[in-house]
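Visitor: In my numbering, the protein residues as written are 1 to 327.
Provided herewith is a single structure, encoded as structure tokens, for subsequent inquiry.
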Ligand SMILES: [Zn+2]
């Protein structure tokens, strides 16, 4: 088994469908617990039956009872459950029709309402006070339902920023930092820690990561404007000689979790670099999955599903998981 020195062992998985919670229970008990996984970031997004704002429910929402059950399954297995929402970018696909819960319920919070299609995905407007109020209500409900003491607020790959008349008055770094701070302060008042993706806090040019795994639109100075007890999920999926973000976050006083994805070779290069540069600021490693959680669960439980004609990302993810936590 790959041996690394960190206490946190994590996986980031899509939230199961209501009908798959029995499978989820088996996955937690027969796989995650056995492999020593102690942290599960669950991609709930807007797939929850919000009572405060039912207009923001995405399709196939989990009920309160579903959430309680998922929480109990994790608690009984000694796993910290961290719900994750996308709370800036990732509010849609490219087209207008593909809006996720928040913008579907409140299209007035769209940062680029005049665009029929966007380059990647829509963002919410961080300067809209009513948007902040509603997002805080949604986070509260989500944290209550899942009994969360940490919330992952997403905030990766924000491309549409600083576009609306209100936002144009500020720099992208100020906009980004101001929004994150508001969410952080709201959660902190309730004793809940904030976790987020790290890419927008890194300069794409200076790190060599480019404008996906790092920022190309000026958000990166926000790294100096945020509370240092935000836990950063530092995700990198490509093969690099160096992973300079590990050093950048240490220099700025943040704790990080390193987050690889599907190829074990790349993941191990990242992990090896992180081990060699650890200044006590690395909490652990979390495998990201980014595919149908049912397939990942079945694959790792030993009943593989073939996705005819698909690229079978779940097989790669499972292989990488095994390389760190099983073999
Ligand atoms: Zn705006």
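Backbone N, C-alpha and C define an ideal beta-carbon position, used for all residues, glycine too.
Predicted model only: the values in this text are computed from it and were never measured.
Quick check on DSSP: helix, strand or coil for residue 234?
Guide: DSSP places residue 234 in strand when its eight states are reduced to three.
Visitor: Could you check how far apart the C-beta atoms of residue 180 and residue 217 are, in whole angstroms? I think they sit under 8 angstroms.
Guide: About 15 angstroms separates the two Cβ atoms, so there is no contact after all.
Visitor: For the region 107-121 and the region 186-206, state whether three or more C-beta atom pairs, one from each stretch, are separated by less than 8 angstroms.
Guide: Short answer: they don't touch.
Visitor: Tell me whether residue 80 sits in a helix, a strand or coil according to DSSP, three-state version.
Guide: Residue 80: strand per DSSP, three-state reduction.
Visitor: Can you tell me where the beta strand (DSSP E) with residue 197 in it begins and where it stops?
Guide: Element bounds for residue 197: 193-197.
Visitor: Got a sec? Which residues, its chain only, sit under 6 angstroms from residue 244 by beta carbon, not counting five neighbours each side?
Guide: Closer than 6 angstroms at the Cβ level, and outside the excluded window around residue 244, lie 207.
Visitor: Kindly give me the distance between the Cβ atoms of residue 295 and residue 16, rounded to whole angstroms, as I take these residues to be in contact under 8 angstroms.
Guide: Incorrect: roughly 11 angstroms between the Cβ atoms, too far for contact.
Visitor: Take residue 236 and list the residues in its own chain whose beta-carbon comes closer than 6 angstroms to its own, dropping the five residues that flank it on each side.
Guide: Closer than 6 angstroms at Cβ, skipping near neighbours: 213, 243 and 270.
Visitor: My output table needs one value for residue 287: the three-state DSSP class, helix, strand or coil.
Guide: Reduced to three states, the DSSP call for residue 287 is strand.
Visitor: Less than 7 angstroms between the CB of residue 160 and some heavy atom of ligand 1, yes or no?
Guide: Residue 160: no, Cβ never under 7 angstroms from ligand 1.
Visitor: Just reading off the beta strand (DSSP E) that residue 99 is part of, what are its end residues?
Guide: No beta strand (DSSP E) contains residue 99, which DSSP labels as neither H nor E.
Visitor: What whole-angstrom Cβ distance do residue 329 and residue 315 have, given they're in contact under 8 angstroms?
Guide: Residue 329 lies beyond the residue range present for the chain, which begins at 1 and ends at 327; the question has no answer from this structure.
Visitor: Following the continuous beta strand (DSSP E) through residue 41, name the residue where it begins and the one where it ends.
Guide: Counting along the chain, the beta strand (DSSP E) containing residue 41 begins and ends at 39-43.
Visitor: Assuming residue 256 is part of the beta strand (DSSP E), what are its boundary residues?
Guide: Looking at the DSSP string, the run of the beta strand (DSSP E) that includes residue 256 is 256-259.
Visitor: What three-state label does DSSP hand residue 125 in the structure shown?
Guide: DSSP places residue 125 in coil when its eight states are reduced to three.
Visitor: Have a look at residue 171 and residue 307 and give me their C-alpha separation to the nearest angstrom.
Guide: Their backbone Cα atoms lie some 44 angstroms apart in a straight line.
Visitor: Out of 72, 52 and 151, which has the shortest C-alpha to C-alpha gap to residue 105?
Guide: Looking at the Cα atoms, 52 is the closest of the given residues.
Visitor: Got a sec, what are the start and stop residues for the beta strand (DSSP E) residue 151 sits in?
Guide: Here the beta strand (DSSP E) through residue 151 covers 150-152.
Visitor: Using only Cβ atoms and a threshold of 7 angstroms, which residues come within that distance of a heavy atom of ligand 1? Order them by chain position.
Guide: With the cut-off at 7 angstroms, the residues found are 111, 125, 126, 127, 128, 163, 164, 166 and 167.
Visitor: Between the Cα of residue 74 and those of 129, 37, 319 and 107, spot the shortest distance and give me the residue it belongs to.
Guide: Answer by Cα proximity: 37.
Visitor: Name the DSSP bridge partner or partners of residue 215?
Guide: In DSSP, residue 215 forms a bridge with 203.
Visitor: To the nearest angstrom, report how far apart residue 34 and residue 115 are at their CA atoms.
Guide: When rounded, the distance between both Cα atoms is 48 angstroms.
Visitor: Less than 8 angstroms between the C-beta atoms of residue 339 and residue 219, yes or no?
Guide: It is not possible to answer for residue 339, since the shown part of the chain is limited to 1 through 327.
Visitor: Just the Cα atoms here: how many angstroms apart are residue 187 and residue 131?
Guide: Cα-Cα distance, rounded: 16 angstroms.
Visitor: With DSSP collapsed to three states, give me the class of residue 9.
Guide: Residue 9 falls in the strand class under three-state DSSP.
Visitor: State the beta-bridge partners of residue 282 as determined by DSSP.
Guide: Answer is 256.
Visitor: Rounded to whole angstroms, how far is the Cβ of residue 70 from the Cβ of residue 134, which I believe are closer than 8 angstroms?
Guide: Wrong, their Cβ atoms sit about 24 angstroms apart, outside the cutoff.
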